[in-house]
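These protein sequences, in sequence, are chains A and B.
Just so we're aligned: 267 in this note's numbering is position 216 of the first sequence, and the numbers increase by one with no gaps anywhere.
Just so we're aligned: 351 in this note's numbering is position 147 of the second sequence, and the numbers increase by one with no gaps anywhere.
We put the beta carbon where it would ideally sit given N, CA and C, even for glycine.
These numbers come from a predicted model, not from an experiment.
Below is one structure; the comments refer to it alone.
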Amino acid sequence: MASDVYRSLRVFEQECNGCMTCMRSCTASAIRMRKDKPVVLEDRCIDCGECIRVCARKAIRPKTPPLSDLARFEYLIASPCAPLLVQFQQDVGPADVLEALLRIGFDEVVLLDEACEAYMVALGRLILTREHAAPFITSHCPAIVRVVQTLHPDLVENLVPLLSAREVAARQARAAAARKTGLPQEKIGLVYITPCPSKMVDFQAHRLVGGSSVDVLMPLSDIYHEVFTALAAMRREGELTREGVTSSALAWAILGGMSRNLRRIVMGLDSRLPAKGRRRADAVDFLPVARIPEIRRLFDEMEKGRLHNVDLIECMACPEGCVGGSLTVDNPYVARSKAITLLRKLPPPEASIDWERAEALVRQGALDPGEGFMATPLEPLDEDFGRSVMKMQRKEELVGSLPGIDCGACGSPTCSSLAEDIVKGTARLGDCVVLRARSHPALEQF
Amino acid sequence: MSETQPRYTRSFHVRGKDFRGAGSVSTAIKAVLRGLGFAPDVVRRAAIASYEAEMNVVIYAFEAEVTFAVESDRVEIVFQDRGPGIADVNQAMQEGFSTAPREVREMGFGAGMGLPNIRRNSDSLDITTTVGEGTRVAFEILTAGRGAGGK
Chain A
52 MASDVYRSLR VFEQECNGCM TCMRSCTASA IRMRKDKPVV LEDRCIDCGE
102 CIRVCARKAI RPKTPPLSDL ARFEYLIASP CAPLLVQFQQ DVGPADVLEA
152 LLRIGFDEVV LLDEACEAYM VALGRLILTR EHAAPFITSH CPAIVRVVQT
202 LHPDLVENLV PLLSAREVAA RQARAAAARK TGLPQEKIGL VYITPCPSKM
252 VDFQAHRLVG GSSVDVLMPL SDIYHEVFTA LAAMRREGEL TREGVTSSAL
302 AWAILGGMSR NLRRIVMGLD SRLPAKGRRR ADAVDFLPVA RIPEIRRLFD
352 EMEKGRLHNV DLIECMACPE GCVGGSLTVD NPYVARSKAI TLLRKLPPPE
402 ASIDWERAEA LVRQGALDPG EGFMATPLEP LDEDFGRSVM KMQRKEELVG
452 SLPGIDCGAC GSPTCSSLAE DIVKGTARLG DCVVLRARSH PALEQF
Chain B
205 MSETQPRYTR SFHVRGKDFR GAGSVSTAIK AVLRGLGFAP DVVRRAAIAS
255 YEAEMNVVIY AFEAEVTFAV ESDRVEIVFQ DRGPGIADVN QAMQEGFSTA
305 PREVREMGFG AGMGLPNIRR NSDSLDITTT VGEGTRVAFE ILTAGRGAGG
355 K
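Next comes the structure, spelled out in structure tokens:
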């Protein structure tokens, strides 16, 4: 079927009725309507997946790898995101989901808990020994990283400088599988089952030295039915165990879960680090915030030099955290409540963590972020300073003469973005339907 | 004579006691500087310094006119307020010195870091004040050109 392909998504034009909901909901003002169909400005898109979430006709969908992609591997490792563990009925435990993945054909399932624990140890150390005043911004949500890099580039230094637990776990699993099977690397396939499109770009266009260890990104919604069917068979055969697994990765899937666990790890670190010249573990403070508009308002405050009392902002682009990812199936609040019920029963991270193993991973540089995060600010209005000044002043004049009702009918999400599109030469003042209607002679008699 | 430098200018009005609106000048300045292609560090310093100046107006003065001007090598921001003036500018420049009323401090503002923070985030700061009439706070941020590669 014909579709326009972008960084992490496709637009299926025949299924789109031009309702503009995606354009209005876009958290980065990256969508324009052209001939009544959405066009994505790739330099602005942050891959958050909000357009996929809000499209009632499902005309915007994630870029999905063809399943034939998996045929080239002889040994398949599934790396399920934690939200997958809480997508099913109440009688399904996380251990049952893992078993279902094996039944549908994966040779091995890798969990992110160990990597999450090592990550929290590394991050806890950074927080307890930090010298700069501004808070860290979590970097495990790739949409947040993009927001910072493109829209708040002066905050890149605040991003947590660690490799994501997804990638750390993938590297470890891949190396272990190669040792176990004796297969060459290209025959081992690591499939990350993702709750959102942002991770696709994270794995594809990566700054990682040596590239990503993940081979295929599989949308959770694409694999849901197969897992669901396997679980139904297990239920019929009385094989559901309702067992949990460890809790660290699951906690990260809900807003505030990482902060909760990190606090416990930091308290544990308190007795393992020399007390001199560092912060006290009971004095650290974390702030969980979800959804990009809210997060951007908070970043705006940070840029004014506020928010010194917080050590870490736990930022999640989706409602309630990754359980609200646009490629998940269950309602985010239902999934969150299931996760909370499970977390209450499962051992907390300070009970499950293997401190020696976690600290060894940190020491070996397993969480070293490679080149780290670079600022990639949006292009200025013009390459030439003098011309960019003229365009900026012209844009402000235009904003003054446009109706200011942000109707979107011109194809730009707001009057201000239309003004910017006009000075950049990608739209005309005549695109404004309100101005056209006001000046239309046939309307004057009314 | 060389040609006149390209120069962007804009003005804002700030009302005293308008805590809800406080910060909007800083946000607008930030958006303009990003659109003109300045380096993140320039944007950050201008945002912090203008926010502190804005808060000073909101806390202490009746109102202020703000003029904001940008050339390729400098950002100039002037806050001219109508207000009580500053009795002792040197004292006001001390970190932690504040004449903010108690209710303002209880809200977490007026900690005596306003002017010191403007000085820290600018390359020049000029304060002229007349008690009972008002204060003019003018500061400048040098941009060292427009940042690498026009970004």
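* **Proximity winner among A:A402, A:G376 and A:V380, relative to R315 of chain A (alpha-carbon distances)** => A:A402
* Where does N294 of chain B land, buried or exposed, given buried means 16+ other C-beta within 10 angstroms? -> exposed
* To do: Go ahead and pull the three-state DSSP assignment for L174 of chain A.
  => helix
* To do: Please list the residues of the region 232-244 of chain B that have a C-beta atom closer than 9 Å to any C-beta atom in chain A, keeping them in chain order.
  => K234, V236, R238, G239, L240, G241, F242, A243 and P244
* Apart from the five residues just before and just after R408 of chain A, which ones in its own chain have a Cβ nearer than 6 Å to its Cβ? -> For R408 of chain A, there are no CB contacts under 6 Å within the same chain when 5 residues up- and downstream are skipped.
* Give every residue of the same chain whose Cβ lies closer than 6 Å to the Cβ of V484 of chain A, excluding the five residues on either side of it in the sequence, and list them in chain order. => A460
* Is the CB-CB distance between P500 of chain A and R75 of chain A below 8 Å? -> Lying before the first or after the last residue shown, residue 500 of chain A is absent from chain A, which here runs from 52 to 497.
* Asked: Nearest-angstrom Cα distance between L412 of chain A and G421 of chain A?
  -> 15 Å
* Asked: S298 of chain A: which of A:E354, A:R395, A:P246 and A:C369 sits nearest, CA to CA?
  -> A:R395
* Per DSSP, R330 of chain A is paired with what? -> BP columns for R330 of chain A are empty, so no partner.
* **Start-to-end residues for the beta strand (DSSP E) that takes in D336 of chain A** => Element bounds for D336 of chain A: n/a, residue is neither H nor E.
* Taking Cβ positions only, does Q141 of chain A come closer than 8 Å to chain B? -> no
* Top-ranked residue by Cα proximity to L241 of chain A, from A:A185, A:R181 and A:C132 -> For the set A:A185, A:R181 and A:C132, the Cα lying nearest the Cα of L241 of chain A is the one of A:C132.
* Asked: By DSSP, does S215 of chain B sit in helix, in strand, or in coil?
  -> The answer is strand: DSSP assigns S215 of chain B an E or B state.
* To do: Please work out which residues of its chain come closer than 7 Å, Cβ to Cβ, to L136 of chain A, disregarding the five sequence neighbours upstream and downstream, and give them in chain order.
  => P145, V148 and L301
* Close beta carbons around C106 of chain A, own chain, < 7 Å, minus the five adjacent residues each side -> T72 and C73
* Asked: Taking Cβ to Cβ, would you say G372 of chain A is nearer than 8 Å to A341 of chain A?
  -> yes
* To do: Measure the CB-CB distance between I322 of chain B and A250 of chain B and report whether it falls below 8 Å.
  => no
* Asked: So which residues of chain B does G437 of chain A contact, with C-beta pairs closer than 7 Å?
  -> Under a criterion of Cβ atoms nearer than 7 Å, the residues of chain B adjacent to G437 of chain A are, in order, P210.
* In the region 436-464 of chain A, which residues sit with their C-beta less than 9 Å from some C-beta in chain B, listed in chain order? -> F436, G437, R438, S439, V440, M441, K442, M443, Q444, K446 and E447
* **Contact belief for L432 of chain A with G239 of chain B at Cβ below 8 Å, rounded distance in angstroms** => Right, their Cβ atoms sit about 5 Å apart.
* Kindly indicate if chain A contains any beta-carbon less than 8 Å away from that of I263 of chain B. => no
* To do: List the residues of chain A that A315 of chain B touches, going by C-beta distances under 8 Å, in chain order.
  => Scanning chain A for C-beta atoms nearer than 8 Å to the C-beta of A315 of chain B yields nothing, as the closest lies near 11 Å away.
* Asked: Nearest-angstrom Cα distance between D222 of chain B and V172 of chain A?
  -> 44 Å
* First and last residue of the uninterrupted alpha helix (DSSP H) at V341 of chain B -> That residue, V341 of chain B, is in no alpha helix (DSSP H); its beta strand (DSSP E) goes G338 to L346.
* To do: Closer than 7 Å by beta-carbon distance: list the chain B residues that pair up with A426 of chain A, in chain order.
  => Listed along chain B, the residues sitting closer than 7 Å to A426 of chain A by beta-carbon distance are P244.
* To do: Look at the alpha carbon of Q200 of chain A and the alpha carbon of K234 of chain B, and state the distance between them as a whole number of angstroms.
  => Rounded to the nearest whole angstrom, the CA to CA distance from Q200 of chain A to K234 of chain B is 15 Å.
* Kindly list, in the order they appear in chain B, the residues whose Cβ is closer than 7 Å to that of E354 of chain A. => Within 7 Å Cβ-Cβ: K234, R248 and A251.
* is_contact[S276 of chain B, chain A] using C-beta, thresh 8 Å -> yes
* To do: Quick one: which residues of the region 198-210 of chain A get their C-beta closer than 7 Å to a C-beta of chain B? List them in chain order.
  => P204 and D205
* Asked: Whose C-alpha, out of B:S215, B:G241, B:S276 and B:E280, is nearest the C-alpha of N325 of chain B?
  -> B:E280
* Starting from the Cα of L268 of chain A, find the closest Cα among A:A129, A:R438, A:T477 and A:A122 and give me that residue. => A:A129
* Asked: Can you tell me whether G225 of chain B is buried or exposed, with buried defined as 16 or more other CB within 10 angstroms of its CB?
  -> exposed
* Give me the Cα-Cα distance between P212 of chain A and S490 of chain A, rounded to the nearest whole angstrom. => 55 Å
* Can at least three beta-carbon pairs, one atom from the region 326-345 of chain B and one from the region 272-286 of chain B, be found at a separation below 8 Å? -> yes
* Cα-Cα, which of A:V335, A:S452, A:Y275 and A:P134 is closest to L7 of chain A? -> Beyond the ends of chain A as shown, which are 52 and 497, falls residue 7 of chain A; an answer cannot be given.
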